[in-house]
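Heads up, my numbering is the position in the sequence shown plus 633, with the first residue counted as 1. Positions of the beta carbon are idealized from the N, C-alpha and C atoms, including for glycine.
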Amino acid sequence: MEVAERRSAPTTSRRTDSPIIASASPSIPSATCWPVISTASSTRWPPTSARDSWPAIGTDLVSDVERPITWRELLAETTAVLGERPAARWLCETACGLHGDEFLAALDESATERMVGHLDAMVARRRSGEPLAYVMGNWSFRTIDLMIDRRVLIPRPETEWVAEKAIEIVRACGPSRLVADLGTGSGAIGLSMAAELPLSGTEVWLTDASVDALDVARANAAGIGRSAANVRFAHGSWLSALPDELHGRFDLIVSNPPYIDVDDSEVQESVREWEPSSALFAPSGGLGDIATIVDESPKWLRPGGSLVLEIGYRQGDDVSRMMNDSGFVDVTVLPDLAGRPRVALGRTVLS
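Written out as C-alpha cells, the structure is:
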C-alpha cells in the first residue's frame with residue numbers, strides 16, 4: 634500500500650478515450666453505507682455489447698492514461714467494470730491504502746502509478762471470478778482482521794455467530810479457561826476468543842491437519858498482539874493433535890468442520906473452484922468429521938465442559954442424535970441470523 638506516496642509521488646494520468654470509460658464519473662457521497670456482499674462472483678456483467686469493448690482479463694483496465702486520474706474516477710470506473718459497487722470500493726481502498734472516511738476524503742486526489750497498477754491487478758483477478766477476500770488478501774471477522782488466501786476457507790458471517798456462542802460460554806467459566814478450536818483454518822474462531830476473552834487465565838489451542846492453514850493462523854496471531862500470548866498451535870487431525878496431558882481439562886471445544894456433502898448441488902461453482910476442498914467437504918453425507926469430533930470430545934472435556942459446532946442447516950437432527958448418543962446433555966441447535974439451524978452445542982455431565 635502506497636499511503637506515503639499519495640501526496641508526493643508522481644501521479645498517473647489517463648487517456649480520455651479509454652474504452653472502459655463510458656460516461657463522466659458520478660459524484661460520490663461524502664458518507665456511504667456499504668453492505669456486506671457475497672465473496673462468490675454472482676453478479677453478471679453488463680450487456681455483451683458493453684463487455685466486448687473492455688480489455689481482456691490480464692490487460693490494464695484503467696492505467697493506460699495520459700492525464701491525472703483521481704480516486705473518484707477510479708472508483709466509478711471500477712464499479713462499472715465489476716458491476717459490484719461495494720467490491721469496487723473495497724478494492725480501491727486496498728489499492729489506495731486508506732479506508733473509510735480517510736478514503737472518502739481522498740477521492741479528489743490523484744492516484745500514483747503503483748496504486749493504479751495494483752488496482753488493475755486486483756480488478757483482473759476479480760473479473761476472473763476469484764473471491765473478493767482472496768483478491769484483497771484480508772477479511773474482517775468480528776473484532777479482528779485476518780490475512781486470507783487460498784490455503785484457508787473464507788470466514789462467513791455464520792461462523793461469527795458460532796464464535797459468539799463459544800465466547801459467551803467461556804466467559805461464564807471460572808478464572809482459568811482452556812479452550813480448543815479444531816480445524817482452525819485462518820484462526821478466525823480461536824483468535825477471536827483470544828482477542829475478546831481476558832488474557833489472564835485463558836489458553837487457546839488451535840489445531841489443523843493442514844500445515845499451510847496453520848501457517849496462515851500463526852501469521853494472523855501476530856496481528857492480535859499481546860492477546861496471542863496464550864495461543865498454542867498443534868498440527869494434526871482434530872483432537873489427536875492435542876497433547877495427551879490435556880485429556881479431561883478443556884472447558885470448551887469449538888469447531889467449524891467440513892460438513893458439506895461432495896455431491897451437494899447447492900454449492901456455488903466459485904466455492905468449489907477457489908476454496909480448499911478439505912475445509913468444505915466431508916464423507917458420510919457431510920457428517921463424517923462431525924461424527925469424529927462428537928465421539929472423541931467427551932474424553933477431552935472437563936465435567937460440564939461444552940462442545941460447540943457449526944453444522945449444515947439440514948443436519949440439526951442428525952447432529953443432535955450423535956451428541957445425545959455420545960453422552961452430551963442440554964443438546965441444542967441454534968439458528969443463524971437467517972433463521973436456519975447452524976450451531977449445535979451440548980455439555981458433558983457434571984460429576
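- Beta-carbon to beta-carbon, L824 and P890 are separated by about 18 Å, too far to satisfy the 8 Å threshold.
- Nearest C-alpha to V962 among M769, S939 and G820: S939.
- Considering only S873, A912 and A713, the residue with the shortest C-alpha distance to S819 is A912.
- Per DSSP, D922 lies in no beta strand (DSSP E) segment; the continuous alpha helix (DSSP H) that holds it begins and ends at G921 to W933.
- Residues F866 of the same chain have their beta carbon placed closer than 7 Å to that of R851, with the five preceding and five following residues left out of the count.
- Within the segment 838 to 884, the runs of beta strand (DSSP E) at least 3 residues long that lie entirely inside it are, in chain order, 864 to 868.
- Out of A842, T711, I857 and D848, the CA that lies nearest to the CA of L832 is found in I857.
- In this chain, T981 is not harboured by any beta strand (DSSP E), its DSSP state being neither H nor E.
- CA-CA distance, D753 to M780, rounds to 21 Å.
- By the CB criterion at 7 Å, T792 and E899 fall outside the cutoff.
- Inclusion of N957 and V966 in the CB contact set at 7 Å is not warranted, their separation being larger than that value.
- Note on the segment 938 to 971: whole beta strand (DSSP E) runs with a minimum of 3 residues are 962 to 968, in chain order.
- Under the three-pair Cβ rule at 8 Å, the segment 789 to 805 does not count as touching the segment 737 to 751.
- Between N863 and E836 a beta carbon distance of about 5 Å is seen, short of the 8 Å cut, so the two are scored as contacting.
- Distances from the CA of T840 to each of S860, M826 and A813 were compared; the closest alpha carbon is that of A813.
- The three-state secondary structure of P701, taken from DSSP, is strand.
- The alpha carbon of R700 has as its nearest neighbour, out of W794, A713, S743 and M769, the alpha carbon of S743.
- Residue environment analysis places R859 among the exposed positions, since fewer than 16 neighbouring C-beta atoms fall within 10 angstroms of its C-beta.
- Shown here, I781 sits in coil according to DSSP, grouped into three states, outside any helix or strand.
- A distance of 7 Å or more separates the beta carbons of Y892 and A855.
- Of the candidates L731, P719, A728 and D741, the residue whose Cα lies closest to the Cα of E706 is D741.
- Going by beta carbons, A720 and V785 fall outside the 7 Å limit.
- Cβ neighbours of L970 within its own chain (closer than 7 Å, five residues either side excluded): P790 and W794.
- Excluding five sequence positions before and after C725, the CB atoms of its chain that fall closer than 8 Å to its own CB belong to W704, L707, L708, T711, F736 and L752, given in chain order.
- Scanning the segment 729 to 781 from its first residue to its last, the whole beta strand (DSSP E) runs of 3-plus residues come out as 771 to 774 and 777 to 780.
- Residues of the same chain with a CB within less than 7 Å of the CB of Y946, apart from the 5 flanking positions on each side, are R973, P974 and R975 in chain order.
- The Cβ atoms of A805 and I822 lie no closer than 7 Å to each other.
- Ranking E746, A766, D928 and L920 by CA distance to the CA of Q948 puts L920 first.
- The alpha-carbon of H880 is positioned some 16 Å away from that of T925.
- Put simply, the backbone Cα of T817 is about 7 Å away from that of S888.
- Beta-carbon to beta-carbon, W907 and R783 are separated by about 7 Å, close enough to satisfy the 8 Å threshold.
- Contact annotation: S903 and G716 have beta-carbon atoms that are not nearer than 7 Å.
- Residue nearest to T727 within the set P968, M755, I886 and D848 is M755 (criterion: CA-CA distance).
- The residues G937, G938, S939, F961, V962 and D963, in chain order, have a CB closer than 7 Å to that of R980 in the same chain once the five nearest residues on each side in sequence are set aside.
- For R789, there is no enclosing alpha helix (DSSP H), as DSSP marks it with neither H nor E.
- Distance between K932 and P876, taken at the CA atoms: about 13 Å.
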